[in-house]
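In this text, residue positions in the sequence shown follow my numbering: the first is 112, and each later residue adds one. Glycine included, C-beta positions come from ideal geometry on N, C-alpha and C. Every value quoted in this text rests on a predicted model; they were computed, and no experiment measured them. Here is the structure we will look at.
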Amino acid sequence: MKPTLRNTFTKVAILTYCLGMLAHIVVLVTGRPGSEMPNVVHWAVTVLAGYSGWGFIVNLKRVPFVNFVDKVLYWLVLIHLLSSALIHAYSIIRNTNDWLTLFGYTYSYFAVAYFFIFGYYSFLLDKRLRKI
Numbered sequence: 112m113k114p115t116l117r118n119t120f121t122k123v124a125i126l127t128y129c130l131g132m133l134a135h136i137v138v139l140v141t142g143r144p145g146s147e148m149p150n151v152v153h154w155a156v157t158v159l160a161g162y163s164g165w166g167f168i169v170n171l172k173r174v175p176f177v178n179f180v181d182k183v184l185y186w187l188v189l190i191h192l193l194s195s196a197l198i199h200a201y202s203i204i205r206n207t208n209d210w211l212t213l214f215g216y217t218y219s220y221f222a223v224a225y226f227f228i229f230g231y232y233s234f235l236l237d238k239r240l241r242k243i
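Now the structure itself:
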């Protein structure tokens with residue numbers, strides 16, 4: 112499992128952020144509230160974000176950080192992935208979307224921007240780690 116996780120966690124993070132951007136763009140285009148999120152989306156986020164977040168933890172010592180900003184971005188992505196996995200797992204366990212009402216329509220603008228940044232960071236990290 113470890114070699115597979117080592118070789119795929121950044122790719123799964125990229126996929127997670129691309130799908131998340133797409134989902135938030137759909138919210139912006141359709142105007143549908145996040146509280147209508149289907150259970151299959153919770154499952155996808157829980158599995159994908161959980162897997163890639165675990166990869167960010169396991170591979171922490173392997174990453175050749177370039178500077179302080181690189182380290183901060185790494186930790187922000189790690190925390191975001193794991194917290195997303197946990198709160199979406201909560202939705203599955205409790206069968207509720209009530210917590211999504213905290214995030215209004217305008218949150219999706221912000222989410223598209225930082226999902227792009229986190230996805231791009233994961234892409235650059237993947238390229239860097241392939242050289243090791």
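Residues near residue i by beta carbon distance below 6 angstroms, same chain, minus five either side
i, result
"Y128", "F226, F229, G230"
"F214", "G145"
"Y162", "V123"
"A160", "T127, L192, S195, A196"
Inter-residue Cα distance where the pair is residue i and residue j
i, j, result
"T141", "Y220", "13 angstroms"
"L236", "T121", "7 angstroms"
"F167", "Y185", "8 angstroms"
"M132", "R143", "15 angstroms"
"V137", "L193", "23 angstroms"
"V174", "I190", "16 angstroms"
"L130", "V223", "10 angstroms"
"V116", "H135", "Note on residue identity: the sequence assigns Leu, not Val, to residue 116. One C-alpha to the other measures close to 27 angstroms."
"N118", "W165", "13 angstroms"
Sequence-distant residues of the same chain with beta carbon closer than 8 angstroms to residue i, five excluded per side
i, result
"W210", "I198, Y201, S202"
Cut-off 7 angstroms between Cβ atoms - residues of its own chain near residue i, not counting five sequence neighbours on either side
i, result
"Y232", "L184, V188"
"K182", "F176"
"L157", "The question names Leu, but residue 157 is Thr in the sequence shown. Excluding residues within five positions, the ones whose Cβ falls inside 7 angstroms are A196, H199, A200, I203."
"R205", "none"
Candidates the options, of which the one nearest residue i by Cα
i, options, result
"T217", "I125, N118, L139, L116", "L139"
"P114", "V169, E147, A155, I125", "V169"
Residue-level contact to chain B via CB, residue i, 7 angstroms cutoff
i, result
"W186", "Among the chains of the structure shown, chain B does not appear; only one protein chain is present."
Segment contact, 8 angstroms Cβ cut-off, at least three pairs: the segment 145-152 with the segment 167-179 | no
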